[in-house]
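Down below is the structure, laid out as structure tokens.
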Amino acid sequence: MVTTLYGIRNCDTMKKARTWLDGRGIAYRFHDYKVDDIDRASLSAWCAALGWESILNKAGTTFRKLPDADKQDLDAGKAIALMLANPSMIKRPILDHEGALTAGFRPEAYERLFGN
């Protein structure tokens, strides 16, 4: 099964994740939200598996610049709509390794996932 790393190429956290994977010789496919977009089905599945709160990047500039009305009364549906309209609001990276998903980069989580 293919390992896929989802995110944005120039993100510092993405660079750390790619460096970690490359340094261990782990093959993966990179999916850039800004180039390849993201589909509702994938985003909905991630939110169902990890919780939309884990997938929506509230700390980023894109979210912080939203009008207050867009930030209020968030639920899964509203969060997914915001992320589809603004893929920069999706937490980075999302890693799908043989169906196991992780959001964000933490070396210890990757070590558990890959058995290294």
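My numbering numbers the first residue of the sequence shown as 1411 and each following residue consecutively.
Glycine included, each C-beta is placed from N, C-alpha and C at the ideal position.
Model, not experiment: these values are computed from the prediction.
The straight-line gap separating the alpha-carbon atoms of N1496 and R1434 is approximately 32 Å. For the set M1424, T1414 and V1412, the Cα lying nearest the Cα of S1498 is the one of M1424.
In this structure, I1500 places its C-beta atom within 8 Å of the C-beta atom of I1465. In this structure, DSSP gives Y1520 a helical state, which the three-state scheme calls helix. The three-state secondary structure of D1432, taken from DSSP, is helix. G1514 and L1415 have their alpha carbons spaced roughly 11 Å apart.
Here I1504 is not near W1462, since their CB atoms are 8 Å or more apart.
When DSSP states are grouped into helix, strand and coil, A1469 belongs to the coil group. A1451 is positioned such that its CB atom lies no closer than 8 Å to that of T1413.
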